[in-house]
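**Student:**
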């Protein structure tokens, strides 16, 4: 069962409704976060809530009074007997509400979902995934928007593809729900924040890589670098670090998750205690 918080109450998801008048439905206006648990403890809660606040502000959603409530809502929800058992994925949503005034949304609605966490199939970590390149850039990359249509369209009807990889103007930015890293010529290359969403796991991986002595470049990898790349991987809260073995028609490296990907994933897993609340 999925538990949902709205307007001071925790109720089963099927009892909660978003009015058709809400601009989340009318115009796709809304922002959210995906916050997971490890051993029922929230992962990187501070960075997630900071990003939620930034997303809301840049989207024009006036949520300064709502966001401070989220930490306590998450804590209370996790402690409830009707919260899903085991590990949980918690998703706070801020919708546009019913009113738009001078380009801003002064009366948003807050919903928080508590869902059973479904991590990627372990085979994906062993075998790696395929991304489909698309010559487009995710609009408003600094906003974690509820609107994922632009990422779904390029891979509609395609089997065996994990996500869209945005490749505007011959550069690689990010994939539809992940940050992207390329291992090429002894360097770890990933697009800078501003061109891409400031991924929470991305930030941790960059910290671990630099601490571990890897040479890191924050720039957009070039599509032309794929042919000489040794490895690639994507990062995200649910997927952690997931090897990419094919991008469109390009096999990456040996076609299996490589040693850098595996090493960084081990470092990530062993450092988890530092990021739990």
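Residue numbers (my numbering): 377 to 653. From the three backbone atoms N, C-alpha and C, an ideal C-beta is built for every residue, glycine too. Quick caveat: nothing in here was measured; it's all calculated off a predicted structure.
May I have a chain-ordered list of the alpha helix (DSSP H) segments no shorter than 4 residues that lie completely inside the segment 435 to 482?
**Tutor:** Within the segment 435 to 482, the complete alpha helix (DSSP H) runs of at least 4 residues are 443 to 455.
**Student:** By the three-class DSSP mapping on this structure, what secondary structure does residue 623 have?
**Tutor:** Strand.
**Student:** Quick one: residues in its chain with C-beta nearer than 6 Å to the C-beta of residue 435, no 5 flanking neighbours on either side, listed in chain order?
**Tutor:** Excluding residues within five positions, the ones whose Cβ falls inside 6 Å are 407, 519.
**Student:** Considering just the uninterrupted stretch of the beta strand (DSSP E) at residue 584, what are its terminal residues?
**Tutor:** It is not in any beta strand (DSSP E) - residue 584 instead sits in the alpha helix (DSSP H) that spans 576 to 587.
**Student:** Which same chain residues, not among the five before or five after residue 615, have their C-beta less than 7 Å away from its C-beta?
**Tutor:** If we look at residue 615 and ignore the five residues flanking it on each side, its Cβ neighbours are 496, 554.
**Student:** Measuring only the C-alpha atoms, how far is residue 480 from residue 636?
**Tutor:** In a straight line, the C-alpha of residue 480 is about 44 Å away from that of residue 636.
**Student:** Jot down the residue ranges of each uninterrupted alpha helix (DSSP H) in the segment 377 to 432, minimum 4 residues, whole runs only, in chain order.
**Tutor:** Correct list: 399 to 402.
**Student:** Candidates 633, 653, 535, 578: which alpha carbon is nearest residue 551's?
**Tutor:** With distances taken between Cα atoms, residue 551 lies closest to 578.
**Student:** Where do the ends of the beta strand (DSSP E) carrying residue 555 lie?
**Tutor:** Taken as a continuous stretch (DSSP letters only), the beta strand (DSSP E) holding residue 555 covers 554 to 560.
**Student:** Quick check on residue 604: does DSSP put it in helix, strand or coil?
**Tutor:** It is helical.
**Student:** What did DSSP end up calling residue 509 once you bin it into helix, strand or coil?
**Tutor:** The answer is strand: DSSP assigns residue 509 an E or B state.
**Student:** Ignore the nearest five residues each way along the sequence and tell me which others in residue 534's own chain have a CB closer than 8 Å to its CB.
**Tutor:** 508, listed in sequence order.
**Student:** Using a C-beta cutoff of 8 Å, does residue 481 count as contacting chain C?
**Tutor:** In summary, chain C is missing from the structure at hand, where a single protein chain is found.
**Student:** Spatial neighbours of residue 389 within its chain, please: C-beta separation below 8 Å, excluding the five flanking residues on both sides.
**Tutor:** Same-chain partners within the cutoff: 377, 378, 379, 380, 489.
**Student:** To the nearest whole angstrom, what separates the beta carbons of residue 501 and residue 618, a pair I think is in contact under 8 Å?
**Tutor:** Right, the Cβ-Cβ distance comes to about 6 Å (below 8 Å), so this counts as a contact.
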